[in-house]
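Here's the structure we're looking at; comments come further down.
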Amino acid sequence: MEVNILVGGAAGQGMDTVMNLLGKALVREGYGIIYTKDYMSRVRGGHNFSRLRIGTGPIWTTVDAIDIMVALNEETYTIHHDKLVPSGRVIYDPNLFQLPDEESRGVPIKLRQLAEQAGGAVMANTVAVGALLMLIGLLPDQVEQLLQESFADKEGVAEENLIALQSGVKAALEQCKACFPLPPKNKTHDQIFIDGNQVLGMAALASDCRFLAAYPMTPSTGVMNYLAAKSKSYPVVVEQAEDEIAAINMALGASYAGVRALTATSGGGFALMAEGLSLAGMTETPLVVIVAMRPGPATGLPTRTEQGDLDFVVHAGHGEFPRAVLSATSHEDAFYRLNKAFSLADQYQVPVIFLSDQNFADTHRSVAPFDFERLSQERFLAKEGQYEKPYRRYSLTASGISPRIIPGRIKGEVVLVDSDEHDQKGNIIEDAFTRKQMFDKRMRKLTELAEEMDEPDLYGDPHPDLLLVGWGSTYGVLRESVDALSASGLKTALLHYSDLWPLPSKRLLEMIRVVKRYYCVENNATGQLAALIRRKTGIEFNNLILKYDGRPFLPHEIVREVEKNV
Amino acid sequence: MSNHEEYLVNKTAWCPGCGNFAIREALAGALADLDLLPHQVLICSGIGQAAKIPHYIRANGFNGLHGRALPPALGAKVANKELVVIVESGDGDSYGEGGNHFIHNVRRNPDLTHLIHNNQIYGLTKGQASPTSDPGMVTGVQTMGVSIPALNPLALALVLGAGFVARCFSGEQEHLKDTIKTAIKFPGYALVDILQPCVSFNKVNTYGWYKKRIYFPEIANREDWNNALDLARQWGEKIPLGIFYAKPRPTYESAIKALEGKPLVLKEFNPIDIARVQKEFY
Numbered sequence: 055m056e057v058n059i060l061v062g063g064a065a066g067q068g069m070d071t072v073m074n075l076l077g078k079a080l081v082r083e084g085y086g087i088i089y090t091k092d093y094m095s096r097v098r099g100g101h102n103f104s105r106l107r108i109g110t111g112p113i114w115t116t117v118d119a120i121d122i123m124v125a126l127n128e129e130t131y132t133i134h135h136d137k138l139v140p141s142g143r144v145i146y147d148p149n150l151f152q153l154p155d156e157e158s159r160g161v162p163i164k165l166r167q168l169a170e171q172a173g174g175a176v177m178a179n180t181v182a183v184g185a186l187l188m189l190i191g192l193l194p195d196q197v198e199q200l201l202q203e204s205f206a207d208k209e210g211v212a213e214e215n216l217i218a219l220q221s222g223v224k225a226a227l228e229q230c231k232a233c234f235p236l237p238p239k240n241k242t243h244d245q246i247f248i249d250g251n252q253v254l255g256m257a258a259l260a261s262d263c264r265f266l267a268a269y270p271m272t273p274s275t276g277v278m279n280y281l282a283a284k285s286k287s288y289p290v291v292v293e294q295a296e297d298e299i300a301a302i303n304m305a306l307g308a309s310y311a312g313v314r315a316l317t318a319t320s321g322g323g324f325a326l327m328a329e330g331l332s333l334a335g336m337t338e339t340p341l342v343v344i345v346a347m348r349p350g351p352a353t354g355l356p357t358r359t360e361q362g363d364l365d366f367v368v369h370a371g372h373g374e375f376p377r378a379v380l381s382a383t384s385h386e387d388a389f390y391r392l393n394k395a396f397s398l399a400d401q402y403q404v405p406v407i408f409l410s411d412q413n414f415a416d417t418h419r420s421v422a423p424f425d426f427e428r429l430s431q432e433r434f435l436a437k438e439g440q441y442e443k444p445y446r447r448y449s450l451t452a453s454g455i456s457p458r459i460i461p462g463r464i465k466g467e468v469v470l471v472d473s474d475e476h477d478q479k480g481n482i483i484e485d486a487f488t489r490k491q492m493f494d495k496r497m498r499k500l501t502e503l504a505e506e507m508d509e510p511d512l513y514g515d516p517h518p519d520l521l522l523v524g525w526g527s528t529y530g531v532l533r534e535s536v537d538a539l540s541a542s543g544l545k546t547a548l549l550h551y552s553d554l555w556p557l558p559s560k561r562l563l564e565m566i567r568v569v570k571r572y573y574c575v576e577n578n579a580t581g582q583l584a585a586l587i588r589r590k591t592g593i594e595f596n597n598l599i600l601k602y603d604g605r606p607f608l609p610h611e612i613v614r615e616v617e618k619n620v
Numbered sequence: 046m047s048n049h050e051e052y053l054v055n056k057t058a059w060c061p062g063c064g065n066f067a068i069r070e071a072l073a074g075a076l077a078d079l080d081l082l083p084h085q086v087l088i089c090s091g092i093g094q095a096a097k098i099p100h101y102i103r104a105n106g107f108n109g110l111h112g113r114a115l116p117p118a119l120g121a122k123v124a125n126k127e128l129v130v131i132v133e134s135g136d137g138d139s140y141g142e143g144g145n146h147f148i149h150n151v152r153r154n155p156d157l158t159h160l161i162h163n164n165q166i167y168g169l170t171k172g173q174a175s176p177t178s179d180p181g182m183v184t185g186v187q188t189m190g191v192s193i194p195a196l197n198p199l200a201l202a203l204v205l206g207a208g209f210v211a212r213c214f215s216g217e218q219e220h221l222k223d224t225i226k227t228a229i230k231f232p233g234y235a236l237v238d239i240l241q242p243c244v245s246f247n248k249v250n251t252y253g254w255y256k257k258r259i260y261f262p263e264i265a266n267r268e269d270w271n272n273a274l275d276l277a278r279q280w281g282e283k284i285p286l287g288i289f290y291a292k293p294r295p296t297y298e299s300a301i302k303a304l305e306g307k308p309l310v311l312k313e314f315n316p317i318d319i320a321r322v323q324k325e326f327y
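Structure below.
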């Protein structure tokens, strides 16, 4: 039992604030929810909508069907009404537009008029939330509490919003009291309500990251916003760089001088960082780069989603050097996975790229609170006695990892790093012998680094006939697709990658041997993970399920494609 | 007081007669005079002949990418404000490839010393025009002569709000050393544009060319911005040297909460305190 809500309107109508409040209220009540946003790259106008799916257990993805639509403008109804279930309801403002005569599911509420009576038209969304609460049979007390908390420092605003909320509740009561009742509450444990960018920001802070340099770029900017808000009270500095080239080079300078450093961007910004990434590889400076993917090429679709940059980040930067590429299956996974990125960067003195995307970055989910004690802040710095004197930054070792010290901390010792090929001291060289010696040293790190990669997560039937393979933010939708396919009698499992490069392949090879058919499912046009798998293992995916219209997969799309082929 | 010889390491790869030698000597002398130990100093550079300096001065060094000497310097200063950070690179590196970083770091005003070996030519790539080449200079690429006006780094820095702006000449080594010392002690971004002949590729701006033109103007008030701008704009028959402007303003670091007290790199990590950040999401 679940309820699916779609709220649509123009940009600038302030939907996000109240939808966040509603989501949080539901999470406090103990419901599982997911809240996704589909928005245009503009500040005013256009057609934006968000989906809220509410259930009793963990919710992994949104679906197409709509139980309740809140149409803040006529366009929302026009675009989405064919997905409204027969018993569905449409909350709309009859003073703004009329529904067609044959439409019997309307719940007319004079949103604007009621909002004006409460104190201002801007609160029309709050009125709508009041009506929504009545439709799903939820008492408004949690939302009231949250309105008080949210507007505590703005005099009068909370009070006016409470009036607006109540007027929505009352107006709906007369028409549709609890016509979509939520299932009984199931509050067994505390939950938090958080979006992907906030998860990454919090994970960075808790991983003892002390410096973020970035240039704002959708959909990564939320990470910057999160850390900037924390920089007033925690030891972290956020610098808005003049460009992405500066951002990555600033982060490298900070990392060299001893703090964990991060930069965050999207594909276009990462393109500018490519030379800096190569510098991180050559100087062996730990660095974490979050790349929140959006559809390219070039500016592409700035506010939409795609998994189109896997190939790019695996190969970006001139020359050859070791790197790791990680992504995450879910919000839960991302918190610990970004910490792993920082640890790998420090331990192996390599750049580590964390691949996010708009679908993950902007999506709020209810999840169990994170366990901060699981995070590591180990810096892998050499202590007195663990390095030879005088110190040489690139001393040769069996593992390829040279003992690292921080400049300025040890009297008499200096730390020299160089983007030119260099000797063990860090001085420029050009001779062939040293070049090969230092190159081999760097590449030796890959042996142990590859061992650190987690095998993909296995979900579903333990003895499947069908295997779906995916990576990153599609985990939720693939999980639900596996459930649907299994329910229809197809023995299906999902193999889902978080750690991507160096590519772990043991579990994949085991599974491929026993299944009848296997599919690679990716939010891109060419099947980039499938290509990496082929390169690494020789396995060819004949079945690719790809989507590259800038929108995330919905479960029925994947199920339909699989069933077509069975 | 330490001996400046202690800072001179490795054999250089510069052409005999290059102005870089005097700049290296002056920097070593300045560090010695200021009693700065090698581990207390960080030299950041980009790519070019000048940018090889971290290999020839004993100190911490970050020899990064072409044009990108300033960003890592800023990052390092944020991480450890106790480091004396010197950015040292050429005119192509600092004013051409790295122009954007130059503009914005003057605005930021971090406590860095920016020494620019300005030889008005690209040396490492063997003789193309640089942003500071004078119009008319003929090179293998600018075959009809440089046709666009030269960038005036000092005037630009002044207009952007730089607190310390100086011009030196590698042929005036004592003056250069004293200026570098003053620049290092200056709280905030300090720009020292050092005119330096390129004996191999710049056949226009030779030692003789500079010697004929340079002079040391009387500067009564180094907080007089208009006078500084007038001096910065003098070029041609007469080229003034000296510290044109020195007026501190709040540094980049001073406006950042997390940089109060101990250097960022030495601040305690408090896991219990950090875990509280999750509360806002309940």
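As given, the protein sequences belong to chains X and U, one line each in that order. Residue 55 is where the first sequence starts when you use my numbering, and the numbers rise one by one after that. Residue 46 is where the second sequence starts when you use my numbering, and the numbers rise one by one after that. Here a beta-carbon is modelled for each residue, glycine too, at the ideal position from N, C-alpha and C.
Item to complete: Please compile the residues from chain U whose C-beta is within a distance smaller than 7 Å of the C-beta of glutamine 431(X).
Response: Phe314
Worksheet item: Do valine 620(X) and leucine 521(X) have their CB atoms nearer than 8 Å?
Response: no
Item to complete: Closer than 7 Å by beta-carbon distance: list the chain U residues that pair up with leucine 333(X), in chain order.
Response: Gly109, Leu110
Worksheet item: Does the separation of the CB atoms of aspartate 494(X) and isoleucine 482(X) fall below 8 Å?
Response: no
Worksheet item: Would DSSP call tryptophan 280(U) helix, strand or coil?
Response: coil
Discussion item. In the DSSP output, which residue or residues are listed as bridge partners for valine 290(X)?
Written reply: DSSP lists no partner for valine 290(X).
Worksheet entry | Where threonine 188(U) falls, given that 16 or more other Cβ within 10 Å makes a residue buried | exposed
Worksheet item: Taking only beta-carbon atoms, is alanine 260(X) less than 8 Å away from chain U?
Response: yes
Item to complete: Could you tell me the boundaries of the beta strand (DSSP E) in which leucine 87(U) lies?
Response: 86–90
Item to complete: Would you please state the rounded distance, in angstroms, between the beta carbons of arginine 278(U) and asparagine 197(U)? I believe it to be under 8 Å.
Response: 7 Å
Worksheet item: Would you say aspartate 553(X) faces chain U, with C-beta separation under 8 Å as the test?
Response: no
Worksheet item: Would serine 287(X) be called buried (16 or more neighbouring beta carbons within 10 Å of its own) or exposed?
Response: exposed
Practice prompt. Verify whether the separation of the beta carbon atoms of alanine 388(X) and alanine 382(X) is less than 8 Å.
Written response: yes
Fill in: Nearest neighbour of alanine 311(X), chosen from His610(X), Leu341(X), His385(X), Gln361(X) [CA to CA]
Leu341(X)
Worksheet item: With distances taken from CA atoms, which of Pro356(X), Gly191(X), Leu409(X) is nearest aspartate 232(X)?
Response: Note that residue 232(X) is alanine in the sequence shown here, rather than aspartate. Comparing Cα-Cα distances from alanine 232(X) to each of Pro356(X), Gly191(X), Leu409(X), the minimum goes to Gly191(X).
Discussion item. Let me check understanding here. Comparing Cα to Cα, which of Phe426(X), Ile133(X), Lys590(X), Ala172(X) lies closest to leucine 153(X)?
Written reply: Ile133(X)
Worksheet item: Using the beta-carbon count (16 or more within 10 Å), is phenylalanine 426(X) buried or exposed?
Response: buried
Discussion item. Could you give the first and the last residue of the continuous beta strand (DSSP E) run that contains asparagine 58(X)?
Written reply: 57–65
Worksheet item: Using CA coordinates, which residue listed in Tyr89(X), Phe103(X), Val223(X) is at the minimum distance from serine 95(X)?
Response: Phe103(X)
Fill in: Residues that glutamate 127(U) contacts on chain X, provided the C-beta gap is smaller than 7 Å
Gly462
Worksheet entry | Where proline 83(U) sits in the DSSP three-state scheme | helix
Item to complete: Return yes when the Cβ of valine 313(X) is within less than 8 Å of the Cβ of alanine 124(U), no when it is not.
Response: yes
Practice prompt. Determine the direct distance from the alpha carbon of valine 379(X) to that of alanine 64(X), and round the result to whole angstroms.
Written response: 37 Å
Fill in: Reduced DSSP secondary structure (H/G/I, E/B, other) of glutamine 173(U)
strand
Worksheet item: Going straight from the alpha carbon of glycine 93(U) to that of lysine 248(U), what length do you get?
Response: 19 Å
Discussion item. Please tell me whether leucine 187(X) and proline 194(X) are closer than 8 Å, where the distance is taken between their beta carbons.
Written reply: yes
Discussion item. With three or more beta-carbon pairs closer than 8 Å as the criterion, would you say the region 404–419 of chain X touches the region 515–530 of chain X?
Written reply: yes
Worksheet item: For glutamate 198(X) versus leucine 219(X), is the C-beta distance shorter than 8 Å?
Response: yes
Fill in: Beta carbon of arginine 212(U) nearer than 8 Å to that of proline 285(U)
yes
Worksheet item: Of all the CB atoms in chain X, is at least one closer than 8 Å to the CB of phenylalanine 326(U)?
Response: yes
Discussion item. Let me check understanding here. Comparing Cα to Cα, which of Met73(X), Ala308(X), Phe324(X), Cys574(X) lies closest to leucine 311(U)?
Written reply: Ala308(X)
Discussion item. Could you pull the DSSP bridge partners for leucine 135(U) from this structure?
Written reply: Here residue 135(U) turns out to be glycine, not leucine, going by the sequence shown. Paired residue(s): His162(U).
Worksheet item: In chain order, what residues of the same chain have a beta carbon less than 6 Å from the beta carbon of methionine 55(X), not counting five sequence neighbours either side?
Response: Pro237
Worksheet item: Any C-beta of chain X sitting closer than 8 Å to the C-beta of arginine 267(U)?
Response: no
Practice prompt. Using a Cβ cut-off of 8 Å (strictly closer), state whether glutamine 241(U) contacts chain X.
Written response: no
Worksheet item: Using a Cβ-Cβ cut-off of 7 Å (strictly less than) and excluding sequence neighbours within five positions of arginine 159(X), which residues of its own chain qualify?
Response: Leu138, Gly142, Arg143, Val144
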